[in-house]
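Down below is the structure, laid out as structure tokens.
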Amino acid sequence: MKELNHILGVQGETLAKKFLIDKGFKILVQNYSTKIGEIDIIAKTKDIIVFIEVKNRQTKRFGMPREAVTPYKQNKIRKVAMQYLMAHKLTESKVRFDCIEILGDTVTHLENCF
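Residue numbers (our numbering): 1 to 114.
Structure follows, in structure tokens:
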């Protein structure tokens, strides 16, 4: 089961990356990882650095994919984002936190969702 979830995650991130590129985003980093946690995709659009969590599910059996981005997960992503910004001397940049939800074949981009 864990392996299937990993495969779904990789497929979702690949689909999300293509989706973002098609929308004009520049992908800066994929799977940025620190001791605290990981951010699926870091991208840039215009002058905004966007930290993106990708959630992929085949069905709504366990709820919508976006529901898995809990307040705990959001705080973790914020902390990892701050580490990225500090490491790249970008702390003065405009930032945004988005979620890309993939449910079956439907991709939904939730901008500025937390």
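Backbone N, C-alpha and C fix where the C-beta goes; we use that ideal spot for every residue, glycine too.
For GLN58, report the span of its alpha helix (DSSP H) as first-last. Run containing GLN58: none; DSSP gives neither H nor E here.
Residues of its chain near GLY139, where Cβ-Cβ distance is below 6 Å and the 5 sequence neighbours each way are ignored: Since the displayed the chain opens at 1 and closes at 114, residue 139 lies outside it and no answer follows.
Sort out for me which residues DSSP pairs VAL80 with in a bridge. Paired residue(s): none; VAL80 is not in a bridge.
Thinking just about the alpha-carbon of each residue, which of LYS26, TYR32, ILE27 and THR14 is nearest to the one in ALA87? TYR32
Delimiting residues of the beta strand (DSSP E) encompassing HIS109: 106-110
Less than 6 Å between C-beta atoms, sequence neighbours within five positions excluded: which residues of the same chain meet that for GLN74? PHE114
Any chance the stretch 103-113 sits against the stretch 63-78, with 3 or more Cβ pairs inside 8 Å? yes
Note down, in chain order, each residue of its chain lying with its Cβ closer than 8 Å to the Cβ of ILE21, except the 5 sequence neighbours on either side. ILE27
CB-CB under 7 Å to THR34, same chain, minus the five flanking residues each way: which ones, in chain order? VAL80 and GLN83
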